[in-house]
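The next block holds one structure in the form of structure tokens; read it before the comments.
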Amino acid sequence: MSAEYQVTLEWGMEAVRASTAHVLVIADADRGPEALELEARAPRSSLVLGATLVNAAEVARAALDEQERRGERTTVEIVAVGDRWPDGSLRPSTADLLVAGRVVDELAELGIDFHSPACAASCAAATALRGATEALVAAEALARSTAEPR
């Protein structure tokens with residue numbers, strides 16, 4: 001995680017393993033087993049929060065509450081879970097990117113807005129596609145569930 005930004009966005013297990021953030025947000029549209037695994041492997045020194053499209057505002061509020069509790073600038077790392085290719089490698093997920101963007105947007109609304117370029121891009125996608133987000137998430141889930149393994 002870059003010390004330059006208060007809020008950063010990364011992907012997958014390696015990001016969780018490397019995290020030094022005060023607040024670690026696991027962004028997963030479907031709250032599947034991958035999200036639970038990442039949460040279980042999160043550093044014990046971090047407040048770990050699970051984010052979905054539904055609870056992004058509550059997650060952002062909890063991050064702000066943690067900053068107020070600590071009484072100082074608190075780093076937030078959002079880890080988008082993604083999916084897996086048949087070989088086990090990370091397959092980024094549009095749905096999880098949109099969840100991350102919603103969290104970034106909600107954090108900015110609360111005044112935590114010094115975020116990385118990756119956060120800015122995910123937020124721009126999430127806000128621009130706000131009206132279509134649920135349909136995009138559903139379409140991606142359907143496409144991935146019916147796709148043949150490569």
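Going by the UniProt record's numbering, the letters in the sequence shown line up with residues 1 to 150, in that order.
For glycine and all other residues, C-beta sits at the position ideal for the given N, C-alpha and C.
Helix, strand or coil at residue i [DSSP, three-state]
{"i": "residue 21", "result": "coil"}
{"i": "residue 109", "result": "helix"}
{"i": "residue 10", "result": "strand"}
{"i": "residue 143", "result": "helix"}
{"i": "residue 124", "result": "helix"}
Where residue i falls, given that 16 or more other Cβ within 10 Å makes a residue buried
{"i": "residue 85", "result": "exposed"}
{"i": "residue 2", "result": "With a pLDDT of 46 at residue 2, under the threshold of 50, the predicted position of this residue should be treated as unreliable, though the coordinate-derived value follows. The residue is exposed, with fewer than 16 neighbouring Cβ atoms inside 10 Å."}
{"i": "residue 101", "result": "buried"}
{"i": "residue 132", "result": "exposed"}
{"i": "residue 23", "result": "buried"}
{"i": "residue 56", "result": "buried"}
{"i": "residue 150", "result": "For residue 150, the predicted model reports a pLDDT of 47, less than 50, meaning its position is unreliable; a value from the coordinates is still stated below. Label assigned to residue 150: exposed."}
{"i": "residue 35", "result": "buried"}
{"i": "residue 20", "result": "exposed"}
{"i": "residue 145", "result": "exposed"}
{"i": "residue 97", "result": "buried"}
Residue-chain proximity (residue i, chain C), Cβ-Cβ < 7 Å
{"i": "residue 31", "result": "Protein chain content of the structure displayed is limited to a single chain, and chain C is not contained in it."}
Residues near residue i in its chain [Cβ-Cβ closer than 6 Å; skip 5 each side]
{"i": "residue 78", "result": "9, 25, 27, 100, 103"}
{"i": "residue 123", "result": "101, 104, 105"}
{"i": "residue 118", "result": "9"}
{"i": "residue 18", "result": "none"}
{"i": "residue 140", "result": "94, 95"}
Per DSSP, the bridge partner or partners of residue i
{"i": "residue 27", "result": "51, 80"}
Sequence-distant residues of its chain with Cβ nearer than 8 Å to residue i (five each side left out)
{"i": "residue 59", "result": "25, 49, 50, 51, 103, 106"}
Which residue spans inside the region 34-96 form an unbroken alpha helix (DSSP H) run of at least 4?
-> 56-70
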